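Asks: Heads up: the sequence shown runs through residues 8 to 947, numbered per our numbering.
Glycine is no exception: its CB is placed at the ideal position from the N, C-alpha and C atoms.
This one's a predicted model, so the numbers in the text were calculated from it and none came from an experiment.
Okay, handing you the structure first.
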Amino acid sequence: MRRSLLLLLGLLVLHQSGCFEFVIDGEWEDEEPGDYDHQDRHKRATLTSEEEEDFQAIRGDDITVKSYRVESRITSRFAHTTIRSSVINSDSRAQSIGFSMQIPKRAFISNFTMNVNGITFVGSVKEKTVARRLYAQATARNKAAGIVRANSQDLETFNTEVHVPPGSSIEFELHYQEMMERKLGLYEHFLYLEPGRLVPQFQVDVYIYEPKGISKIETTNTLGEQFTKLIKVTSTKDKAHVVFKPNLQQQRKCENCTGSAIDGVFSVKYDVTRDSNAGELQVSDLHFVHFFAPSNLSPLPKNIVFVIDVSGSMWGVKMKQTVEAMKAILDDLNIEDRFSIIDFNHNVRCWSEDLVPASSLQITDAKRYIQNIKPNGGTNINEALIRAAQMLVRASNQGFIDSSSVSMIILVSDGDPTVGEIKLSKIQKNVKRVMTEEFSLFSLGIGFDVDYDFLERIAMENRGMAQRIYANHDAAEQIRAFYSQVSSPLLKKVTIHFPEGTVTEVTQNYFDKYFSGSELVVAGKVQLSESNTLTSITSASAASLQFSLQTDADMMELDTELAKQQHSFTGFAKQMWAYLTVKQLIRERSLAATVGIKRRITKQITDLALQHSFVTPLTALLVESEDGTERLLADSPRDPRQGCCTGGQALSGPVKVVYTSAPSWIQFSTSAPSTQHQRGPEVEALPSKVNIVDNDPHFIVHLPGSNMDICFNIISKPGHILSLVSDTGTGVVVNGQLISSKQPRKSKLSTYFGIISVYYQPEGVSVMVSTDQITMTDGRNSHSFTWGATAEITQDGVKISIVKNSHVSVTINNSIQVMVLLHRVWKKHPVNVDFLGIYIPNDNQYSPLVHGLIGQFSREPEVSMYDIHEGPDPLKEEATMEVKGNTLRVTRGWQKDYRDDKKRGSNIYCWFIHNSAKGFIDGHYTDYILPDLNSFLQTV
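Take a look at the structure:
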């Protein structure tokens with residue numbers, strides 16, 4: 008079944024006088040918020056199978072299609088698509104020639120032009136009533152009407168016709184714009200291709216430019232195997248070009264056929280390179296866009312109540328497909344998840360009155376339960392949703408819900424309420440009253456007998472989203488695909504903000520949840536300032552931890568780069584900001600409580616649509632000849648049965664963000680972003696005198712009592728793990744694993760620290776720092792962050808502060824601190840490798856049980872120096888040291904502290920102890936070699 012959509016209604020008639028006339032067959036939109044129950048629920052217009060089969064881009068009895076070209080330019084996830092076609096009426100009589108194009112539902116038409124026998128019609132977006140008034144002036148006689156319908160799950164149809172004399176030449180050109188949405192880890196750009204006949208010049212070009220790089224790109228098509236090898240993809244680090252250019256013979260259904268085999272969806276999927284979890288901040292033309300799509304985070308546990316419509320209308324294929332989907336979804340639950348099932352018709356039944364763990368036993372029983380469901384009776388949506396919310400509230404009050412978990416209700420229904428409370432506005436209020444801010448509602452509407460607009464509103468108002476499920480053979484796959492998008496929540500309470508006075512008119516910047524494989528996008532305008540850098544700060548909650556991430560962007564760099572790109576869309580940032588803002592306002596408008604609010608939002612939408620040439624439910628595209636005497640109108644009225652957008656939620660108040668130190672389930676804020684000054688992550692400075700292990704590896708132990716620095720090297724093997732600090736009293740471990748240079752230098756293979764582990768045993772939290780990333784684990788969850796962004800992460804008394812591409816500080820209970828310094832080398836260097844340095848303060852508050860190569864010196868030994876004299880090298884004195892009952896020959900020298908200057912370092916003069924510190928450290932250095940990175944040191 009397909010929905011009716013009044014997107015563009017047009018029939019163009021050419022009279023002998025040369026006058027074009029056009030009329031709308033659409034519906035007017037009033038300003039009353041209204042009672043949605045007064046809508047006619049039975050007007051569910053659909054396309055017949057014959058209409059679907061007859062769809063073709065160019066229509067006419069005896070016409071010659073000279074060319075059909077599609078070009079998409081995608082820059083930073085924003086696409087501008089142009090479709091051009093040139094047609095000649097080869098018939099000996101006048102006839103109507105049609106041009107149709109299916110476009111994504113999320114897209115906005117931005118322009119349409121047409122040239123008929125030298126008369127050019129140029130489009131301009133105008134406020135709907137203004138456009139209709141201007142259009143009416145040209146429709147005083149011979150009016151005709153046309154209708155447009157949608158005939159695909161994700162597409163809408165643009166449709167127009169022109170009646171022309173024989174031999175006439177017509178050129179059509181349609182433009183539309185859209186933002187690519189990331190789903191399940193990929194962006195998808197799809198084009199519906201069905202020219203309906205052979206075309207001498209047929210070509211599709213998709214140009215992609217992503218400043219940070221393209222990590223993968225793939226193409227899929229439903230056009231047939233014969234076309235697979237004709238799709239060519241060329242790509243570089245940050246650009247890709249996909250071209251499809253079959254010749255006449257390759258377009259034929261068979262060797263001698265006259266019909267075209269091109270009929271289906273041409274799809275390009277890709278993802279971008281991400282060098283950090285902090286996201287990607289881009290600035291262009293005094294507008295910014297922040298993309299946030301972190302990975303390498305452990306999923307949050309879920310609490311799910313599945314609410315399934317089992318009324319009589321679900322009988323047959325709908326129920327069979329729902330049961331099939333539910334079985335797969337139940338198998339996908341994790342053992343940490345809790346769930347229950349409610350099925351309803353005129354009655355409401357619970358498989359379990361309480362949430363239960365997703366154990367194999369419970370999953371098996373739940374699958375058996377849904378398998379035995381027999382649809383019958385009416386539809387009591389109100390009571391079913393209230394029971395589901397009450398189940399979650401009860402579990403929360405009884406302490407069965409983990410504070411870090413995500414609670415949601417997933418409703419599957421195919422019809423309007425017929426039993427109990429049937430007034431939709433009252434159901435909406437009832438559900439909102441029982442849903443707490445911690446719960447989300449997701450609605451799946453099966454088929455076209457359901458009031459999808461109601462399902463969308465009730466989901467948006469409760470921090471969720473809605474999706475229509477098409478009642479055909481793959482309905483089960485559609486339900487499973489939707490669940491996959493929300494099955495892996497990674498973050499809660501995500502806020503993306505900016506320093507005070509740097510940005511204005513920011514789109515929604517608070518998101519209740521972030522799901523794996525998706526992306527959160529925030530856009531706005533940049534304030535002019537003396538700084539050339541814009542900073543964004545993202546704060547969020549993950550499993551058991553809080554974090555804050557900082558991203559910086561040069562304000563001029565991207566514009567300079569875009570100017571060099573031949574096929575980029577240079578206005579992408581401004582258009583994306585307008586696109587997101589209009590989409591957000593349309594959602595807010597659907598939830599407006601009063602006529603005054605609705606009118607205010609209406610004006611905002613209209614003003615933006617006019618400025619940025621978007622055909623929205625409140626604007627129209629007036630297409631007129633150059634002299635303005637001949638006009639046609641492209642209108643896009645709102646369909647109350649369909650809903651205009653997905654997702655969205657008005658928040659009740661501003662978001663409060665708490666700091667431990669100085670990114671389609673999205674909730675939209677009706678209030679402006681807070682102008683409160685927000686600070687990014689801060690790193691506590693270490694004392695000037697610390698214990699250091701750096702380079703290959705050189706140890707520097709600072710003895711504050713005698714104000715003396717002692718140096719030594721540990722000559723060990725790559726792969727060995729050395730104990731630096733081991734404190735069984737506080738439960739803290741600091742260990743390092745050695746790596747080697749790529750090859751020996753002067754017959755010596757140098758070793759460096761490649762991994763540093765800081766383990767806090769009481770909470771089971773481990774921080775693993777490598778040259779590639781920083782990983783925090785707690786036994787159940789694992790979260791990874793790259794060196795590519797400044798960040799702050801806190802969990803169970805452990806705080807990680809990352810400074811982009813510089814260093815990371817790990818602080819435990821504000822009493823023990825370790826700083827790890829990152830050393831980068833030229834990637835193609837024949838010998839050197841990236842490595843880490845460790846800096847540990849003397850004032851760390853260890854227990855008396857602390858030990859390790861560094862830790863043992865928290866109990867400062869008595870050191871006496873005598874017989875200081877000049878050595879063979881005049882710059883290096885020699886002396887005798889008495890320490891721990893040992894007499895050692897030592898040499899005066901210096902090592903490096905790289906904290907202020909990682910390239911050259913600063914000299915620290917010290918007494919060097921030979922033979923891997925024998926006599927200065929307890930035991931032998933081999934006593935400090937451990938089996939794994941979280942091991943405590945045994946007795947030395």
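1) Kindly indicate which three-state DSSP category A570 falls into: helix, strand or coil?
2) Counting along the chain, where does the alpha helix (DSSP H) carrying L431 start and finish?
3) List the endpoints of the continuous beta strand (DSSP E) containing A966.
4) Near K439, what residues of its chain come up, given a Cβ to Cβ distance below 6 Å and the 5 sequence neighbours on each side ignored?
5) Runs of 4 residues minimum, wholly inside the stretch 332-411: which ones carry the alpha helix (DSSP H) assignment?
6) Tell me which residue opens and which closes the alpha helix (DSSP H) that M583 is part of.
7) Answer with buried or exposed for Q656, where buried requires no fewer than 16 other C-beta atoms within 10 angstroms of its C-beta.
8) Ignore the nearest five residues each way along the sequence and tell me which others in A101's own chain have a CB closer than 7 Å to its CB.
9) Measure the CB-CB distance between I81 and F576 and report whether it falls below 9 Å.
10) Please classify M563: is it buried, with 16 or more other beta-carbons within 10 angstroms of its beta-carbon, or exposed?
11) Could you tell me which uninterrupted beta strand (DSSP E) segments, each at least 3 residues in length, are contained entirely in the stretch 194-276, listed from first to last along the chain?
12) What three-state label does DSSP hand D561 in the structure shown?
13) Taking the alpha carbon of E2 as the reference point, which residue from I608, N254 and Y216 has its own alpha carbon closest?
14) Could you tell me which residues DSSP pairs with D316 in its beta bridges?
15) Given that a residue counts as buried once 16 or more other Cβ atoms are within 10 Å of its Cβ, and exposed if not, what is E537?
16) Cutting at 8 Å between CB atoms, please list the residues of its own chain near V330, excluding the five before and the five after it.
17) Sort out for me which residues DSSP pairs T887 with in a bridge.
18) Which residue's Cα is closest to the Cα of I722: Q405, G900, N922 and V810?
19) Quick check on this structure: which residue in S695, T164 and G130 has the alpha carbon closest to the alpha carbon of K112?
20) To which residues of the same chain is V129 closer than 6 Å at the C-beta, ignoring the five residues directly before and after it?
21) Alpha helix (DSSP H) containing Y459: first to last residue?
22) Within its chain, find whatever has a CB closer than 6 Å to the CB of K246; leave out the 5 residues flanking it on each side and keep chain order.
23) So, helix, strand or coil for A147, using DSSP?
24) State the Cα-Cα distance for the pair S494 and A473, rounded to the nearest angstrom.
25) The beta strand (DSSP E) that contains I544, what's its start and end?
26) Among the candidates K571, K334, T425 and V741, whose CA atom is the shortest distance from the CA of N352?
27) Going residue by residue through the stretch 725-805, where are the continuous beta strand (DSSP E) segments of at least 3 residues, counting only ones entirely within it?
28) Closest by CA to V765, which one among I875, E168 and N941?
29) I need the DSSP call for H921, collapsed to helix, strand or coil.
30) Below 9 Å between beta carbons: does that hold for T511 and G286?
31) Output the boundary residues of the beta strand (DSSP E) element that contains F179.
32) Checking the sheet assignment: what are the DSSP bridge partners for T82?
33) Do G859 and D282 come within 9 Å of each other at the CB atom, strictly closer than that value?
34) Drop a sphere of 10 angstroms on the beta-carbon of L541, count the other beta-carbons inside from all chains shown, and report buried for 16 or more, exposed for fewer.
35) Taking Cβ positions only, does F719 come closer than 9 Å to chain C?
36) Label R375 either buried or exposed according to how many other C-beta atoms from any shown protein chain fall within 10 Å of its C-beta, with 16 as the threshold for buried.
Replies: In short:
1) Start at 1 with the first residue of the sequence shown, and residue 570 comes out as number 563. Residue state, collapsed to three classes: coil.
2) Translated into positions along the sequence shown, residue 431 becomes position 424. Looking at the DSSP string, the run of the alpha helix (DSSP H) that includes L431 is L431 to V441.
3) Nothing in the structure corresponds to residue 966, since the chain is present only between 8 and 947.
4) Here residue 439 refers to the residue found at position 432 when the sequence shown is read from its first residue. Excluding sequence neighbours, K439 sits near E468.
5) 367-378 and 388-404
6) Within the sequence shown, numbered from 1, the residue matching residue 583 stands at position 576. Where M583 is concerned, the enclosing alpha helix (DSSP H) stretches over F579 to S597.
7) Position 649 of the sequence shown, counted from the start, is the residue given in the question as residue 656. At Q656 the pLDDT is 29, less than 50, meaning the model places this residue with poor confidence and gives no usable figure here.
8) By one-based count along the sequence shown, residue 101 stands at place 94. Closer than 7 Å at the Cβ level, and outside the excluded window around A101, lie H170, V171, P172 and P173.
9) As a working note, residue 81 is residue 74 in the sequence shown. As a working note, residue 576 is residue 569 in the sequence shown. Cβ atoms of I81 and F576: closer than 9 Å.
10) Taking the first residue of the sequence shown as position 1, residue 563 is located at position 556. It is exposed - the Cβ of M563 has fewer than 16 other Cβ atoms within 10 Å.
11) 208-216, 221-228, 238-242 and 246-251
12) Position 554 of the sequence shown, counted from the start, is the residue given in the question as residue 561. If DSSP states are grouped into helix, strand and coil, D561 belongs with the strands.
13) Nothing in the structure corresponds to residue 2, since the chain is present only between 8 and 947.
14) Locating residue 316 in the sequence shown gives position 309, where the first residue counts as 1. Partner(s): F351.
15) For the purposes of this step, residue 537 is taken as the residue at position 530 of the sequence shown. Exposed.
16) Along the sequence shown, one-based indexing puts residue 330 at 323. Taken in chain order, the residues that qualify are I377, Q378 and I380.
17) By one-based count along the sequence shown, residue 887 stands at place 880. Y873 and R896.
18) Residue 722 sits at position 715 when you count from the first residue of the sequence shown. Considering only alpha carbons, the answer is N922.
19) Numbered from its first residue, the sequence shown carries residue 112 at position 105. Residue T164 is the option with its Cα nearest to K112.
20) What you label residue 129 is simply residue 122 of the sequence shown in a count that begins at 1. Here the set comprises T120.
21) The residue you call residue 459 lines up with position 452 of the sequence shown. Taken as a continuous stretch (DSSP letters only), the alpha helix (DSSP H) holding Y459 covers Y459 to M467.
22) For the purposes of this step, residue 246 is identified with residue 239 of the sequence shown, where counting begins at 1. Y216.
23) Taking the sequence shown and counting its residues from 1, the one referred to as residue 147 is at position 140. At A147, the pLDDT of 39 sits below 50, so the modelled position is not reliable; the number obtained from the coordinates is stated separately. It is coil, neither helix nor strand.
24) As a working mapping, residue 494 is identified with position 487 in the sequence shown. As a working mapping, residue 473 is identified with position 466 in the sequence shown. The straight-line gap from Cα to Cα measures roughly 15 Å.
25) Position 537 of the sequence shown holds residue 544. From DSSP, the beta strand (DSSP E) with I544 extends over T540 to A549.
26) The residue labelled residue 352 in the question sits at position 345 within the sequence shown. Of the listed residues, the one whose Cα sits closest to N352 is T425.
27) 728-734, 739-747, 758-767, 772-777, 780-784, 789-793 and 797-802
28) Numbered from its first residue, the sequence shown carries residue 765 at position 758. Taking only the C-alpha atoms, the option nearest V765 is N941.
29) As a working note, residue 921 is residue 914 in the sequence shown. In the structure shown, H921 sits in a helix (DSSP, three-state: H, G or I).
30) Locating residue 511 in the sequence shown gives position 504, counting from the first residue. Locating residue 286 in the sequence shown gives position 279, counting from the first residue. Taking 9 Å as the Cβ cut-off, T511 and G286 do not qualify as a contacting pair.
31) Position 172 of the sequence shown, counted from the start, is the residue given in the question as residue 179. Element bounds for F179: S176 to M186.
32) Here residue 82 refers to the residue found at position 75 when the sequence shown is read from its first residue. According to DSSP, T82 bridges with F85 and Y216.
33) One-based indexing of the sequence shown puts residue 282 at position 275. One-based indexing of the sequence shown puts residue 859 at position 852. Against a cut-off of 9 Å, the Cβ pair of G859 and D282 comes out as no contact.
34) For the purposes of this step, residue 541 is identified with residue 534 of the sequence shown, where counting begins at 1. That one is buried.
35) No chain C appears in the structure shown, which is made up of a single protein chain.
36) Start at 1 with the first residue of the sequence shown, and residue 375 comes out as number 368. Result: exposed.
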